[in-house]
Each structure stands twice: as structure tokens, then as C-alpha cells.
Amino acid sequence: MCNFTPVQIIADYILRFLKNNADAKLYEAMQRLEKKIGQFVADGVDEHQLRSSLSKVSRSRSRATLKEECEQLIP
0 MCNFTPVQII ADYILRFLKN NADAKLYEAM QRLEKKIGQF VADGVDEHQL RSSLSKVSRS
60 RSRATLKEEC EQLIP
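Numbering (numbering that gives the first Met the number 0), first residue to last: 0 to 74.
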């Protein structure tokens, strides 16, 4: 069984959202990103570490950049 970090799980989730919702806006993906971060923080993951690992993803200004940054987080 593969063990994935919360950062990898979130990146994969965002990539799947973008793939399955080609007409979704950037703000919708960012809302989902924030919701996922909140869920992991509620489960006990360190928020500061999670946000710092996802900082480039959070600062994305386009869907293409968001996708590119998420792809870099997954091995």
C-alpha cells in the first residue's frame, strides 16, 4: 500500500477536480483547496507546515499554473 502525504493527497485532489471540471474557474479550485486544508487541519495536521508546503499552489494566478504546481508535488 502506498503512503501519501497530505500535500500529495491535496495536490492529487485538485488535479482530479481540474481534469473532471474543465469549465471550472480558478476561484472554485482555490475554494476546494482551502476546504481540503481545513479538513486536514481538523484531522490534526500542522496547518503552518501544510500551508508552507502548498504556498506556490495557493499563489497560483491561473488554472495552468495551479495545475503545474500541483503536478510538481506528486512524485
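Don't be surprised by glycine CBs; every beta carbon is placed ideally from N, CA and C. Computed from a prediction, not measured in an experiment: that's the story for all the values here.
Across the structure, Lys34 and Arg60 are spaced so that their CA atoms are roughly 18 Å apart. In the structure shown, Val44 adopts coil according to DSSP, grouped into three states.
For a cut-off of 8 Å, the C-beta gap from Ile13 to Ala28 is around 6 Å, short enough to register as a contact. In this structure, DSSP gives Ser59 a state outside helix and strand, which the three-state scheme calls coil. Around the beta carbon of Ala10, 16 or more other beta carbons sit within 10 angstroms, so the residue counts as buried. Burial state of Ile73 is exposed, judged by a 10 Å Cβ sphere holding fewer than 16 other Cβ atoms. Cβ neighbours of Lys55 within its own chain (closer than 6 Å, five residues either side excluded): Glu68. Collapsing the DSSP output to three states places Ala21 in coil.
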